[in-house]
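Q: Quick mapping for you: the protein sequence lines, in order, are chains A and B.
In terms of my numbering, the first sequence is residues 3 to 599.
In terms of my numbering, the second sequence is residues 3 to 599.
Before we start, here is the structure in question, set down as structure tokens.
Protein chains: 2
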Amino acid sequence: MSVIADRINEMKEILKKAGVDFYIVPTADFHNSEYVNEYFKVREFLSGFTGSNGTLVISQEETGLWTDGRYFVQAAKELTGSGIVLYRMAEEGVPTIEEYLDSHVKNGQTIGFDGRVIDAAFGRKLEKMLNDRNVTFEYETDLADALWTDRPGMPASDIWVVPEAQCGKTVARKLAEVREAMSKEQASHMLLAKLDDIMWLYNIRANDVDCNPVALSYTFISEKDAVIFVQNKALTEEAKAHFEKYKVQVKDYTQIVQFLETCELKGKVMCAYSEINYLLYKLLEKRGELLDRENPTSILKAIKNPVELENIRKYYLLDSVVLTKFLFWMKKNAGKQPMDEYSVAMKLDRMRSEIEGFLDLSFPTISAFKENAAMMHYSATKEDKKDIDTDGFYLVDSGGQYVGGTTDVTRTIALGNVTDEMKKHFSKVASGMLRLADTKFLYGCTGKNVDIMAREPLWECYIDYKCGTGHGIGYILNVHEGPQNIRWRFNPGVKEAVLEEGMIVSDEPGVYIEGSHGIRTENILEIVKETKNGDGQFMGFRHLTYVPIDLDAIDTQYMEPSDVRKLNDYHAEVYRRLEPYFEGEEKEMLKAATRAV
Amino acid sequence: MSVIADRINEMKEILKKAGVDFYIVPTADFHNSEYVNEYFKVREFLSGFTGSNGTLVISQEETGLWTDGRYFVQAAKELTGSGIVLYRMAEEGVPTIEEYLDSHVKNGQTIGFDGRVIDAAFGRKLEKMLNDRNVTFEYETDLADALWTDRPGMPASDIWVVPEAQCGKTVARKLAEVREAMSKEQASHMLLAKLDDIMWLYNIRANDVDCNPVALSYTFISEKDAVIFVQNKALTEEAKAHFEKYKVQVKDYTQIVQFLETCELKGKVMCAYSEINYLLYKLLEKRGELLDRENPTSILKAIKNPVELENIRKYYLLDSVVLTKFLFWMKKNAGKQPMDEYSVAMKLDRMRSEIEGFLDLSFPTISAFKENAAMMHYSATKEDKKDIDTDGFYLVDSGGQYVGGTTDVTRTIALGNVTDEMKKHFSKVASGMLRLADTKFLYGCTGKNVDIMAREPLWECYIDYKCGTGHGIGYILNVHEGPQNIRWRFNPGVKEAVLEEGMIVSDEPGVYIEGSHGIRTENILEIVKETKNGDGQFMGFRHLTYVPIDLDAIDTQYMEPSDVRKLNDYHAEVYRRLEPYFEGEEKEMLKAATRAV
Numbered sequence: 003m004s005v006i007a008d009r010i011n012e013m014k015e016i017l018k019k020a021g022v023d024f025y026i027v028p029t030a031d032f033h034n035s036e037y038v039n040e041y042f043k044v045r046e047f048l049s050g051f052t053g054s055n056g057t058l059v060i061s062q063e064e065t066g067l068w069t070d071g072r073y074f075v076q077a078a079k080e081l082t083g084s085g086i087v088l089y090r091m092a093e094e095g096v097p098t099i100e101e102y103l104d105s106h107v108k109n110g111q112t113i114g115f116d117g118r119v120i121d122a123a124f125g126r127k128l129e130k131m132l133n134d135r136n137v138t139f140e141y142e143t144d145l146a147d148a149l150w151t152d153r154p155g156m157p158a159s160d161i162w163v164v165p166e167a168q169c170g171k172t173v174a175r176k177l178a179e180v181r182e183a184m185s186k187e188q189a190s191h192m193l194l195a196k197l198d199d200i201m202w203l204y205n206i207r208a209n210d211v212d213c214n215p216v217a218l219s220y221t222f223i224s225e226k227d228a229v230i231f232v233q234n235k236a237l238t239e240e241a242k243a244h245f246e247k248y249k250v251q252v253k254d255y256t257q258i259v260q261f262l263e264t265c266e267l268k269g270k271v272m273c274a275y276s277e278i279n280y281l282l283y284k285l286l287e288k289r290g291e292l293l294d295r296e297n298p299t300s301i302l303k304a305i306k307n308p309v310e311l312e313n314i315r316k317y318y319l320l321d322s323v324v325l326t327k328f329l330f331w332m333k334k335n336a337g338k339q340p341m342d343e344y345s346v347a348m349k350l351d352r353m354r355s356e357i358e359g360f361l362d363l364s365f366p367t368i369s370a371f372k373e374n375a376a377m378m379h380y381s382a383t384k385e386d387k388k389d390i391d392t393d394g395f396y397l398v399d400s401g402g403q404y405v406g407g408t409t410d411v412t413r414t415i416a417l418g419n420v421t422d423e424m425k426k427h428f429s430k431v432a433s434g435m436l437r438l439a440d441t442k443f444l445y446g447c448t449g450k451n452v453d454i455m456a457r458e459p460l461w462e463c464y465i466d467y468k469c470g471t472g473h474g475i476g477y478i479l480n481v482h483e484g485p486q487n488i489r490w491r492f493n494p495g496v497k498e499a500v501l502e503e504g505m506i507v508s509d510e511p512g513v514y515i516e517g518s519h520g521i522r523t524e525n526i527l528e529i530v531k532e533t534k535n536g537d538g539q540f541m542g543f544r545h546l547t548y549v550p551i552d553l554d555a556i557d558t559q560y561m562e563p564s565d566v567r568k569l570n571d572y573h574a575e576v577y578r579r580l581e582p583y584f585e586g587e588e589k590e591m592l593k594a595a596t597r598a599v
Numbered sequence: 003m004s005v006i007a008d009r010i011n012e013m014k015e016i017l018k019k020a021g022v023d024f025y026i027v028p029t030a031d032f033h034n035s036e037y038v039n040e041y042f043k044v045r046e047f048l049s050g051f052t053g054s055n056g057t058l059v060i061s062q063e064e065t066g067l068w069t070d071g072r073y074f075v076q077a078a079k080e081l082t083g084s085g086i087v088l089y090r091m092a093e094e095g096v097p098t099i100e101e102y103l104d105s106h107v108k109n110g111q112t113i114g115f116d117g118r119v120i121d122a123a124f125g126r127k128l129e130k131m132l133n134d135r136n137v138t139f140e141y142e143t144d145l146a147d148a149l150w151t152d153r154p155g156m157p158a159s160d161i162w163v164v165p166e167a168q169c170g171k172t173v174a175r176k177l178a179e180v181r182e183a184m185s186k187e188q189a190s191h192m193l194l195a196k197l198d199d200i201m202w203l204y205n206i207r208a209n210d211v212d213c214n215p216v217a218l219s220y221t222f223i224s225e226k227d228a229v230i231f232v233q234n235k236a237l238t239e240e241a242k243a244h245f246e247k248y249k250v251q252v253k254d255y256t257q258i259v260q261f262l263e264t265c266e267l268k269g270k271v272m273c274a275y276s277e278i279n280y281l282l283y284k285l286l287e288k289r290g291e292l293l294d295r296e297n298p299t300s301i302l303k304a305i306k307n308p309v310e311l312e313n314i315r316k317y318y319l320l321d322s323v324v325l326t327k328f329l330f331w332m333k334k335n336a337g338k339q340p341m342d343e344y345s346v347a348m349k350l351d352r353m354r355s356e357i358e359g360f361l362d363l364s365f366p367t368i369s370a371f372k373e374n375a376a377m378m379h380y381s382a383t384k385e386d387k388k389d390i391d392t393d394g395f396y397l398v399d400s401g402g403q404y405v406g407g408t409t410d411v412t413r414t415i416a417l418g419n420v421t422d423e424m425k426k427h428f429s430k431v432a433s434g435m436l437r438l439a440d441t442k443f444l445y446g447c448t449g450k451n452v453d454i455m456a457r458e459p460l461w462e463c464y465i466d467y468k469c470g471t472g473h474g475i476g477y478i479l480n481v482h483e484g485p486q487n488i489r490w491r492f493n494p495g496v497k498e499a500v501l502e503e504g505m506i507v508s509d510e511p512g513v514y515i516e517g518s519h520g521i522r523t524e525n526i527l528e529i530v531k532e533t534k535n536g537d538g539q540f541m542g543f544r545h546l547t548y549v550p551i552d553l554d555a556i557d558t559q560y561m562e563p564s565d566v567r568k569l570n571d572y573h574a575e576v577y578r579r580l581e582p583y584f585e586g587e588e589k590e591m592l593k594a595a596t597r598a599v
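Spelled out as structure tokens, the structure:
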């Protein structure tokens with residue numbers, strides 16, 4: 003680990019020369035993406051900590067790393083010998099990064115960061131907090147770059163175009179909808195930096211971030227013009243022709259800075275401060291009036307159109323077939339032949355890749371046996387994995403990118419015998435998932451209103467799962483998508499998104515007992531309109547996922563009769579939909595797995 | 003009705019002379035109270051409309067009355083012949099008062115109102131909306147006063163002191179808590195105008211508003227001093243001695259204006275703009291920096307202390323005994339002897355008044371038979387009421403003010419035969435009430451998270467009740483109290499109150515079928531702490547109300563087995579608690595009414 007200690011010391015020298023007192027290194031690309039490509043893993047390079055979330059603050063006195071609960075154990079291990087102090091986020095008495103800076107930064111000092119990887123909202127917060135301390139912000143240089151001699155190149159995968167028949171809305175129509183939203187806000191221009199929103203808007207995809215089919219890009223839209231900034235080498239002939247067709251000007255990715263410095267601006271520029279980076283924000287701030295607004299693309303993208311929905315339903319069924327077959331194979335072979343968490347994940351990934359229209363995984367498959375399943379973000383590797391035999395729960399959370407949608411599904415199955423308590427937990431989780439899916443609600447409800455439907459069977463037993471119940475999912479895009487979610491905790495100042503017809507959301511309650519077992523049952527639901535009457539527009543959900551819920555782990559004594567009814571109804575529907583894809587012994591297994599209990 | 007038309011014409015003359023183009027008359031006292039005394043019913047005097055909510059806007063061109071859905075029928079009737087235009091609030095295409103003024107007020111015009119009956123938040127909204135139109139606000143005169151020659155006097159009932167043993171916290175301690183909250187906000191002073199908050203703070207009560215045991219008053223608190231403004235004639239010797247004991251300076255109610263103009267101010271003044279009137283706001287605005295903050299008394303008052311809770315539990319039981327006896331009498335005698343909605347309400351009020359410690363009703367008893375019960379705020383009068391016989395639902399919503407608490411309870415009972423559909427509705431309402439009461443939730447939840455527990459049995463049938471599920475309740479104070487509530491709809495900008503241990507809330511789902519029947523089952527619940535474990539602090543509810551739910555209207559085929567279990571458990575507890583107060587035939591009835599089904 004002394005290589006890390008050395009690196010930190012070299013950084014301190016660089017900071018000293020640059021006159022920077024505190025240097026902040028988050029885990030982010032230039033677009034505040036949830037997942038980042040290797041090129042952007044500066045924090046990992048400097049600290050040696052490999053988790054997906056963490057921020058480093060380096061000063062001459064101390065180097066601190068902030069990360070969240072998922073990574074406390076891993077970070078402590080990986081930071082050993084580095085001299086870096088671990089700050090466990092959200093633990094009692096642990097300062098946030100803002101609080102830390104507030105109590106450490108002295109009058110006249112300098113804070114440094116690469117302005118492209120810090121979002122404008124955070125930068126503004128720091129400005130405001132320190133504004134009476136005469137602090138300088140050095141944000142125009144990536145000071146770690148010089149140190150990282152074998153840094154991977156910036157990703158620049160080929161941009162491809164989603165066929166018109168597949169996306170249901172032309173670029174022209176999407177641009178018109180965005181311009182309508184701009185005009186409502188009285189904005190003449192809009193800067194959009196969120197990668198999946200840009201992909202959606204222009205009906206393009208690429209592969210610049212693992213599992214997320216996006217291209218590094220920006221777009222600047224005005225009442226008449228639309229300019230997209232992409233890397234020259236990513237620009238295929240197909241993409242070029244597509245942009246020409248829709249009169250979208252193309253400029254190189256790196257030209258965004260010069261463009262924002264010199265382009266003609268009349269009127270207000272709309273952008274989301276949490277999604278554009280601080281460097282671009284400072285450029286625009288100098289040039290005129292800014293409107294901090296949610297991207298209109300966010301809600302437009304979340305409400306799937308009829309073509310997208312039709313494709314989504316189709317690919318969710320094909321995906322369900324494969325997962326069901328995989329789980330049957332697991333049930334049959336576990337304990338009888340050698341297998342481990344990693345090898346079976348590879349098998350599932352292979353099976354999925356054989357579906358016609360498969361493009362990629364939508365995230366790395368989570369494959370976990372026994373106590374490993376209690377870790378919500380566990381990841382088995384070729385080197386570090388557990389053998390799978392019997393007498394425990396096996397959990398698999400996986401999904402694919404297809405030419406007609408993005409899937410996400412979790413099932414937990416009993417291999418061999420499981421205890422009565424495990425069956426109780428499993429039955430409660432199944433009840434919660436099914437209850438939420440069967441909930442009717444009035445138009446206007448948000449995820450805050452309905453979350454308890456999935457959670458109450460567990461809360462009644464004084465058990466909680468420390469995460470949301472559901473998230474939105476992209477269409478051939480990121481597996482996590484907003485603005486809707488199903489969560490119970492309020493975030494002050496965050497506007498809650500109403501659950502709209504055509505949105506899709508996950509429904510994934512779970513039980514996680516440290517050192518023992520983990521259960522998650524996740525279906526994806528489509529939001530639909532139901533009856534409209536004098537009391538209002540009623541809404542409901544429909545399942546998109548059709549994979550049996552393991553009856554070997556169900557004990558109906560822990561369920562309400564209505565939950566059992568919901569389970570049987572769901573299984574009848576699973577059988578009806580999957581049956582055409584099954585034959586022989588597998589069909590018998592399907593029949594048994596979906597029998598009424 | 004021509005007397006009203008004449009009055010409006012006279013008002014127009016007055017406005018002309020005063021140079022006022024638009025005159026606004028809300029339904030409010032000087033404290034933005036929910037219910038107001040006769041003295042403050044200027045809007046009713048001018049318009050002839052007797053509902054509890056409505057605002058009049060008078061101009062030379064038009065006089066409009068805005069009221070809500072509860073009163074559309076009644077207002078249309080009462081406004082006939084007056085020439086006043088009815089604006090049905092929240093109906094599609096109907097402008098709000100703000101929108102109306104925005105589209106009608108011209109450059110340089112004058113808007114008038116009595117600045118004491120318009121709250122500062124609304125006044126500021128108008129100022130902001132019209133600030134580019136050079137509009138003058140005339141707010142220092144009550145222009146209708148001259149016209150109302152037989153206006154009742156301002157109420158000035160005797161102030162009495164809640165004994166220390168009854169309130170659980172001394173004035174000194176409450177003032178210390180308020181000052182702590184002020185110091186957190188860095189406020190040196192606080193103006194409090196909310197009547198029930200002032201009563202709570204000083205452990206005093208009076209009778210200036212029907213059913214609301216409050217005295218017209220203001221209080222101004224600084225780091226060292228506390229001044230209360232009450233009417234001289236309301237100041238009893240007892241109250242005087244009490245204020246002296248706690249070093250609270252007493253000034254006359256009318257002196258508040260002069261005081262705020264001249265008192266020594268150093269530092270910021272904290273107040274809630276929605277609860278202080280515009281006149282006082284303008285005075286303070288001239289003098290220095292204001293902080294618009296929730297009154298700290300609001301949350302302090304809502305969390306009942308152990309002494310209050312003990313008394314509340316006791317008086318809810320006594321109140322439950324009386325209501326149960328009344329309902330038994332109804333069941334036995336309806337259809338056999340003459341009775342009507344008004345006469346039986348009088349009987350219940352009389353029975354309640356015989357409870358030792360009874361002070362007043364907490365609101366006028368709602369007593370409604372058959373289709374009248376479908377009107378949520380129906381009120382039978384001596385002159386206008388319905389005879390009660392058999393074959394329908396009878397709904398009674400009532401409560402009392404006692405020396406140890408304020409009660410509120412609703413029951414619906416079947417008299418004679420009711421239809422299968424009515425039983426279905428009744429059983430669903432009972433299920434909803436019982437489910438919410440049995441809900442376990444994590445600390446941090448608000449009413450938004452749990453509302454669906456009461457509502458889902460109805461939403462599943464595509465039925466809604468167009469009101470919240472629950473509200474807070476005062477202690478020997480107003481029957482409606484914040485800040486907590488149980489509702490599902492989000493109000494943008496309103497901070498949701500977390501459900502805290504010691505709060506009490508109503509749980510009152512219902513079904514209202516216009517022209518047919520109405521059902522409401524309302525228990526009051528206490529919020530309690532349950533288990534605390536690694537997943538957090540779990541919370542729950544306890545019933546305070548113990549009155550049978552009419553088994554003649556229950557059909558268990560419409561309930562989940564767990565709902566039936568909850569009903570039986572509740573009834574067993576009702577029997578256990580009420581039994582000591584029942585004898586002979588009534589005891590037999592109690593046994594039958596609480597039997598397991």
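Think of the CB as a built atom: it goes at the ideal place given N, C-alpha and C, for glycine as much as any other residue.
The structure displayed is predicted, hence computed values, not measured ones.
Using a cut-off of 7 Å between C-beta atoms, extract the partners of Arg-491 of chain A located in chain B.
A: The count along the first sequence starts at 1 and reaches residue 491 of chain A at position 489. The answer, in chain order, is Gly-446.
Q: To which residues does DSSP link Gln-339 of chain A through a beta bridge?
A: Walking along the first sequence from the start, residue 339 of chain A turns up at place 337. A:Ala-336, per the DSSP bridge assignment.
Q: Taking Cβ positions only, does Glu-562 of chain A come closer than 7 Å to chain B?
A: Residue numbering aside, residue 562 of chain A sits at position 560 when the first sequence is read from its first letter. Yes, Glu-562 of chain A counts as interfacial toward chain B.
Q: Since Lys-333 of chain B meets chain A, which of its residues come closer than 7 Å, beta carbon to beta carbon?
A: Taking the second sequence and counting its residues from 1, the one referred to as residue 333 of chain B is at position 331. Chain A residues near Lys-333 of chain B: none, gap ~31 Å exceeds 7 Å.
Q: I want to verify the contact list: residues of chain B whose CB lies under 7 Å from the CB of Gly-538 of chain A, in sequence order.
A: As a first step, residue 538 of chain A is located in the first sequence; it is residue number 536 there, counting from the start. Result: Asp-466.
Q: Quick one, are the C-beta atoms of Lys-303 of chain A and Trp-202 of chain A less than 7 Å apart?
A: Numbered from 1 along the first sequence, position 301 holds the residue referred to as residue 303 of chain A. Numbered from 1 along the first sequence, position 200 holds the residue referred to as residue 202 of chain A. Contact: yes.
Q: Chain A partners of Phe-443 of chain B, CB-CB under 9 Å?
A: Your numbering for residue 443 of chain B matches position 441 in the second sequence. Going along chain A in sequence order, the residues near Phe-443 of chain B (Cβ under 9 Å) are Ile-454, Arg-457, Glu-458, Trp-461, Trp-490.
Q: What did DSSP end up calling Cys-169 of chain A once you bin it into helix, strand or coil?
A: As a first step, residue 169 of chain A must be located in the first sequence, where it is residue number 167. Cys-169 of chain A: helix per DSSP, three-state reduction.
Q: CA-CA distance, Met-3 of chain B and Leu-197 of chain B?
A: Counting from one through the second sequence, the residue named residue 3 of chain B turns up at place 1. Counting from one through the second sequence, the residue named residue 197 of chain B turns up at place 195. Low confidence applies here, because Met-3 of chain B scores a pLDDT of 49, under 50, leaving its location unreliable; read the following figure in that light. Distance between the alpha carbons of Met-3 of chain B and Leu-197 of chain B: 35 Å.
Q: So is Cys-447 of chain A buried or exposed if we call it buried at 16+ other beta carbons inside 10 Å?
A: Within the first sequence, residue 447 of chain A is the residue found at index 445, counting from 1. With 16 or more other Cβ atoms within 10 Å, it is buried.
Q: Just to confirm my understanding: we take Phe-139 of chain B, look at its own chain, exclude 5 residues before and 5 after, and list those with CB closer than 6 Å. What are they?
A: As a working mapping, residue 139 of chain B is identified with position 137 in the second sequence. Excluding sequence neighbours, Phe-139 of chain B sits near Ile-113.
Q: What number of angstroms, rounded off, separates the C-alpha of Glu-373 of chain A from the C-alpha of His-379 of chain A?
A: Translated into the one-based positions of the first sequence, residue 373 of chain A becomes position 371. Translated into the one-based positions of the first sequence, residue 379 of chain A becomes position 377. Taking the straight line from one Cα to the other gives about 13 Å.
Q: In whole angstroms, what separates the C-alpha of Ile-120 of chain B from that of Asn-307 of chain A?
A: Numbered from its first residue, the second sequence carries residue 120 of chain B at position 118. Numbered from its first residue, the first sequence carries residue 307 of chain A at position 305. Approximately 47 Å between the Cα atoms of the pair.
Q: Counting only C-beta atoms, is Thr-558 of chain A closer than 7 Å to chain B at any point?
A: Locating residue 558 of chain A in the first sequence gives position 556, where the first residue counts as 1. Cβ-Cβ to chain B under 7 Å: no for Thr-558 of chain A.
Q: Using DSSP's beta-bridge definition, name the partner residues of Tyr-396 of chain A.
A: Residue numbering aside, residue 396 of chain A sits at position 394 when the first sequence is read from its first letter. Bridge partners of Tyr-396 of chain A: A:Phe-371, A:Ile-415.
Q: Suppose the cutoff is 6 Å on Cβ atoms and the five residues either side in sequence are ignored; what does the same chain contact list for Phe-47 of chain A look like?
A: Within the first sequence, numbered from 1, the residue matching residue 47 of chain A stands at position 45. Excluding residues within five positions, the ones whose Cβ falls inside 6 Å are Trp-150.
Q: Roughly how many whole angstroms lie between the Cα atoms of Gly-53 of chain A and Ala-92 of chain B?
A: Within the first sequence, numbered from 1, the residue matching residue 53 of chain A stands at position 51. Within the second sequence, numbered from 1, the residue matching residue 92 of chain B stands at position 90. So the alpha carbons of these two residues sit roughly 51 Å apart.
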